[in-house]
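K.L.:
The numbering of the sequence shown is the numbering used here, which starts it at 1 and goes up by one.
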Amino acid sequence: MTGGAADRAARRGRVVIGVGNPFRRDDGAGPAVVEALRGRIAATPAVTDGEPARLIELWAGAALAVVVDAVRADPPRPGRVHEQALEAVGRDGLDPPASSHALGLEHAVELGTALDRMPVRLRVYAIEGADFDFGVGLTPEVEAAVATVAARVEALLRDPADAPPAR
């Protein structure tokens, strides 16, 4: 790990990253979770479009990175939440084919691993969306899932095992 964002990530310990575009309806689920958690968690909140280099820059060196994103699934069950640990990313059919982004989380993990710029632990919450058209506002099922995921992330961050290292 070298200077810049990686050093900042190591100092901050934990980061919660909302991936998505709030102007593409349910694709805004990740940013909505981050907004729901703002001021309530001991972690650095961040929002990004999911481009792999930006994800890597945000999570490099963190003790724990939590990524929240909206996904497409077949058959769809809007609002269903999938939770994955680092080892499972990209292996259950959600990513990359179901990602709403050109390059998905799996690509960021592969590149981050090759560059040795991964967090110590990575937890992913994927919320199945229904509407990815242009517009603002989440569908009711996804809005309910945002509250569920925010509560799960808050509980995860309260776990002493996930506390940032002592300085």
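Heads up, the beta-carbon is just placed ideally off N, CA and C, and yes, glycines get one too.
For GLY79, tell me which candidate among GLU154, GLU141, ALA147, LEU156 has the shortest Cα-Cα distance.
P.N.:
Working through the sequence shown from its first residue, we reach residue 79 at position 79. Comparing Cα-Cα distances from GLY79 to each of GLU154, GLU141, ALA147, LEU156, the minimum goes to GLU141.
K.L.:
Apart from the five residues just before and just after GLY3, which ones in its own chain have a Cβ nearer than 8 Å to its Cβ?
P.N.:
Counted from its first residue, the sequence shown places residue 3 at position 3. Bear in mind that the predicted position of GLY3 carries a pLDDT of just 47, short of 50, making it too unreliable to give a figure here.
K.L.:
If you count every other CB in all the chains shown that lies within 10 Å of the CB of GLU110, and 16 or more means buried, which is it?
P.N.:
Here residue 110 is taken as the residue at index 110 of the sequence shown, counted from 1. Burial call: exposed.
K.L.:
What ranges does the alpha helix (DSSP H) occupy inside the region 137-162, keeping only unbroken runs of at least 4 residues that lie completely in it?
P.N.:
Those alpha helix (DSSP H) runs which fall completely within the region 137-162 and span 4+ residues are 140-158.
K.L.:
Give me the residue from PRO75, GLN84, ASP159 with the minimum Cα distance to ASP69.
P.N.:
For this step, residue 69 is matched to residue 69 along the sequence shown. Here the closest residue by C-alpha is GLN84.
K.L.:
Where does LEU122 fall in DSSP's three states?
P.N.:
Position 122 of the sequence shown, counting from 1, holds the residue named residue 122. Residue state, collapsed to three classes: strand.
K.L.:
Look up LEU135 in the DSSP assignment and say whether it is helix, strand or coil.
P.N.:
The residue given as residue 135 occupies position 135 in the sequence shown. According to the sequence as given, residue 135 is Gly; it is not Leu. Residue state, collapsed to three classes: strand.
K.L.:
Whole angstroms is fine: what's the gap from VAL71's alpha carbon to GLY104's?
P.N.:
Looking up residue 71 in the sequence shown gives position 71. Looking up residue 104 in the sequence shown gives position 104. Roughly 10 Å separates the two Cα atoms.
K.L.:
So, helix, strand or coil for ARG91, using DSSP?
P.N.:
For the purposes of this step, residue 91 is identified with residue 91 of the sequence shown, where counting begins at 1. Bear in mind that the predicted position of ARG91 carries a pLDDT of just 43, short of 50, making it unreliable; the figure below should be weighed with that in mind. ARG91 falls in the coil class under three-state DSSP.
K.L.:
Given this structure, state the Cα-to-Cα distance separating LEU64 from VAL16, to the nearest angstrom.
P.N.:
Within the sequence shown, numbered from 1, the residue matching residue 64 stands at position 64. Within the sequence shown, numbered from 1, the residue matching residue 16 stands at position 16. For LEU64 and VAL16, the distance between alpha carbons rounds to 8 Å.
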